[in-house]
Amino acid sequence: MKIISVVGARPNFMKIAPFIRAIDNYNIHSNTGFTPPSASEALAKEAHPLPPSSDNERITHLLVHTGQHYDDRMSKSFFEELEIPEADINLGVGSGTHAEQVGQTMIEFEKILKAERPDWVVVVGDVNAILACSVTAKKEHIKCCHIEAGLRSGDMSMPEEINRLVADRISDLLLTPDLISSDNLRKEGVPEEKIKFVGNIMIDTLEANRKKAERLEINDIIEKNLIIQSKAAGKTSPQSSRCCGTGSSTGEFKSGKPETWNLESGINDFAVMTLHRPSNVDRKEILEPIVRFITDELCAERTVIWTLHPRTRKMLKTFGLFDSIFKIQNLILLEPLSYPEMLRLNMDARIMLTDSGGLQEECTILGTPCLTLRWNTERPVTLREHGGASVLVGNNIERIRKEYHSALEKPRTPVRPELWDGKTAERCLRAIFQYQENVE
Ligand code: UD1
Numbered sequence: 002m003k004i005i006s007v008v009g010a011r012p013n014f015m016k017i018a019p020f021i022r023a024i025d026n027y028n029i030h031s032n033t034g035f036t037p038p039s040a041s042e043a044l045a046k047e048a049h050p051l052p053p054s055s056d057n058e059r060i061t062h063l064l065v066h067t068g069q070h071y072d073d074r075m076s077k078s079f080f081e082e083l084e085i086p087e088a089d090i091n092l093g094v095g096s097g098t099h100a101e102q103v104g105q106t107m108i109e110f111e112k113i114l115k116a117e118r119p120d121w122v123v124v125v126g127d128v129n130a131i132l133a134c135s136v137t138a139k140k141e142h143i144k145c146c147h148i149e150a151g152l153r154s155g156d157m158s159m160p161e162e163i164n165r166l167v168a169d170r171i172s173d174l175l176l177t178p179d180l181i182s183s184d185n186l187r188k189e190g191v192p193e194e195k196i197k198f199v200g201n202i203m204i205d206t207l208e209a210n211r212k213k214a215e216r217l218e219i220n221d222i223i224e225k226n227l228i229i230q231s232k233a234a235g236k237t238s239p240q241s242s243r244c245c246g247t248g249s250s251t252g253e254f255k256s257g258k259p260e261t262w263n264l265e266s267g268i269n270d271f272a273v274m275t276l277h278r279p280s281n282v283d284r285k286e287i288l289e290p291i292v293r294f295i296t297d298e299l300c301a302e303r304t305v306i307w308t309l310h311p312r313t314r315k316m317l318k319t320f321g322l323f324d325s326i327f328k329i330q331n332l333i334l335l336e337p338l339s340y341p342e343m344l345r346l347n348m349d350a351r352i353m354l355t356d357s358g359g360l361q362e363e364c365t366i367l368g369t370p371c372l373t374l375r376w377n378t379e380r381p382v383t384l385r386e387h388g389g390a391s392v393l394v395g396n397n398i399e400r401i402r403k404e405y406h407s408a409l410e411k412p413r414t415p416v417r418p419e420l421w422d423g424k425t426a427e428r429c430l431r432a433i434f435q436y437q438e439n440v441e
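Note that the working numbering has the sequence shown beginning at 2, numbered continuously upward.
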């Protein structure tokens with residue numbers, strides 16, 4: 002069997018890593034017919050085991066990176082940390098409008114499909130790559146499998162919602178992370194044989210990186226990733242030397258007024274923030290009040306660690322907000338972090354403020370109270386009313402303030418939704434074999 006898997010942007014990398022490992026595991030044992038131990042445990046419970054592998058049943062796998070995210074910190078560092086093999090093909094699509102990204106990906110991906118003729122194209126998540134590559138695969142009469150299918154925010158102003166709807170409408174096999182997502186697909190009339198509840202593949206990566214993250218020191222993460230700004234040129238760069246001390250003697254500004262917090266004694270009580278959705282960062286009248294709330298209210302109470310997505314950093318500069326937040330006591334601005342680094346911060350954070358879907362899920366597993374700066378979510382299973390850690394606060398400051406104070410009252414309560422057990426990748430692979438067996 003030949004599979005092409007597709008990645009394009011940061012959230013894809015943590016989802017594809019375990020799938021590639023599951024393929025490798027299967028192939029490693031293909032000569033012996035040996036079933037990997039983790040598989041045998043699951044096989045006992047599953048009606049559809051992986052077929053006994055042999056040389057001629059090996060999976061040939063190619064990884065295609067569309068190149069939507071290209072900075073080392075948005076892409077390469079994830080490949081290295083999560084031990085993802087280098088992409089076999091990089092389409093080099095880069096930044097641009099949605100039409101440019103999707104159109105260019107389709108043009109380039111079609112050439113790959115014509116040359117390689119895989120049996121399956123596997124897409125994960127909801128970034129532009131999944132729209133482009135699922136459509137291209139189906140037009141080439143190649144089967145498509147969507148991992149993380151069935152999520153619905155109901156919000157058609159989100160580009161990701163459009164990507165999900167299209168990919169799910171045309172894919173052959175829809176692997177869902179939770180039962181709500183499976184039901185969403187049924188309500189849309191998807192035939193039962195296309196839907197398979199496999200669990201959340203990103204949690205495979207969380208569990209695989211938990212120990213590594215636990216070994217990291219918060220202070221080392223800050224030191225390594227602190228954004229510093231050159232006084233002379235007003236330029237910023239990642240920290241290269243120790244971030245404590247006066248700072249000014251080196252001709253550099255450091256965020257968070259390092260002289261006011263002390264790496265030696267450590268930072269015990271901190272909030273973590275990430276923001277990147279166009280709906281939060283692309284308009285000054287939305288972004289500025291959020292920034293003011295953080296700087297004026299949150300930072301007065303505790304340290305806030307804000308990891309800056311490139312889009313957000315660009316918009317803060319465009320709106321003339323970037324320089325002023327450097328002067329805020331207790332606000333630590335970091336470059337985009339590696340997966341284990343972010344996981345480590347999340348493990349100890351008093352509270353998370355985010356508009357990321359992935360962090361909502363991770364907060365649920367870790368029990369970190371999470372304010373989700375959105376009005377809706379495609380991941381309702383992470384909401385408090387479903388037992389999760391997250392509460393929707395939109396970008397209304399009154400609401401953020403109220404929920405912030407009430408979230409701080411709540412104890413850290415980890416919750417594990419069904420099949421978020423670290424073994425989803427194997428179930429994905431099994432579902433592909435099962436589909437071949439049943440449908441062909
Ligand atoms: C994309 C995804 C979003 C996902 C997010 C995670 C879509 C529609 N959006 O949004 O679902 O949650 O990734 O990060 O696919 N840039 C860099 N370096 C990079 C990549 C981007 O500087 O490596 C800058 C560019 O200025 C670019 C901007 O960030 O224009 C936005 O990047 P883009 O890929 O268009 O969308 P994201 O906001 O990252």
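Virtual Cβ for every residue (Gly too), placed ideally from N, Cα, C.
Taking C-beta atoms as the reference points, residue 204 and residue 366 count as a pair closer than 8 angstroms.
Near ligand 1, meaning a beta-carbon closer than 5 angstroms to one of its heavy atoms, we find 10, 11, 69, 70, 71, 72, 75, 96, 128, 129, 160, 161, 311, 312.
Excluding five sequence positions before and after residue 99, the CB atoms of its chain that fall closer than 8 angstroms to its own CB belong to 129, 160, given in chain order. Burial check for residue 440: the Cβ neighbour count within 10 Å stays below 16, so the residue is exposed. Residue pairing from DSSP places residue 272 in a beta bridge opposite 305, 352.
The beta carbons of residue 113 and residue 145 sit no closer together than 8 angstroms.
Comparing alpha carbon positions, the residue from 76, 118, 66 closest to residue 93 is 66. Listed in chain order, the beta strand (DSSP E) elements of length 3 or more contained wholly in the stretch 145-176 amount to none. The stretch 349-364 makes no contact with the stretch 315-329, as fewer than three CB pairs between them are under 8 angstroms. Annotation note: the stretch 318-398 contains the following uninterrupted beta strand (DSSP E) runs of length 3 or greater, listed N- to C-terminal: 332-335, 352-355, 371-373, 391-393.
Between residue 337 and residue 310, the beta carbon gap of about 6 angstroms places them in contact (Cβ cut-off 8 angstroms). Setting aside the 5 residues that flank it on each side, residue 398 is surrounded in the same chain by 290, 294, each with a C-beta closer than 6 angstroms to its C-beta; the list follows chain order. Take the alpha-carbon of residue 356 and the one of residue 403: they are about 17 angstroms apart. For residue 16, the enclosing alpha helix (DSSP H) has its first and last residue at 11-29. Its Cα nearest to that of residue 90, the residue 64 stands out among 69, 64, 306. Relative to the Cα of residue 143, the nearest Cα in the group 105, 331, 153, 6 belongs to 6.
Annotation for residue 6: the continuous beta strand (DSSP E) segment containing it runs 3-8. Nearest in C-alpha terms to residue 2, of all of 27, 8, 18, is 27.
A distance below 8 angstroms separates the beta carbons of residue 331 and residue 304. Counting only runs that start and end inside the stretch 56-118, the alpha helix (DSSP H) elements of at least 4 residues fall at 78-82, 99-117. Non-local C-beta neighbours of residue 154 in its own chain, meaning closer than 7 angstroms and more than five positions away in sequence, comprise 162, 377, 378, 379, ordered along the chain.
Around residue 71, the same chain offers 95 as residues with beta carbons nearer than 7 angstroms, after the five sequence neighbours per side are excluded. In the structure shown, residue 292 adopts helical secondary structure according to DSSP, grouped into three states. The shortest C-alpha to C-alpha distance from residue 396 to any of 388, 375, 416 is the one to 375. One Cα belongs to residue 80, the other to residue 372, and the distance between them is close to 29 angstroms.
Remark: fewer than three beta-carbon pairs, one from each stretch, lie closer than 8 angstroms, so the stretch 210-230 and the stretch 182-196 are not flagged as touching. Residue state for residue 416 is assigned as coil, using DSSP reduced to three classes. The beta strand (DSSP E) runs of length 3 or more contained entirely in the stretch 184-230 are, from start to end of the chain, 196-198. Shown here, residue 123 sits in a strand according to DSSP, grouped into three states. With contacts defined by Cβ atoms closer than 8 angstroms, residue 169 and residue 4 do not form a contacting pair. Counting of Cβ neighbours within 10 angstroms places residue 127 among the buried residues, the total reaching 16 or more. Distance from the CA atom of residue 174 to the CA atom of residue 134, rounded to whole angstroms, is 15 angstroms.
In the structure shown, residue 438 falls within a helical segment according to DSSP collapsed to helix, strand and coil. With fewer than 16 other CB atoms across the displayed protein chains lying within 10 angstroms of its CB, residue 406 is exposed.
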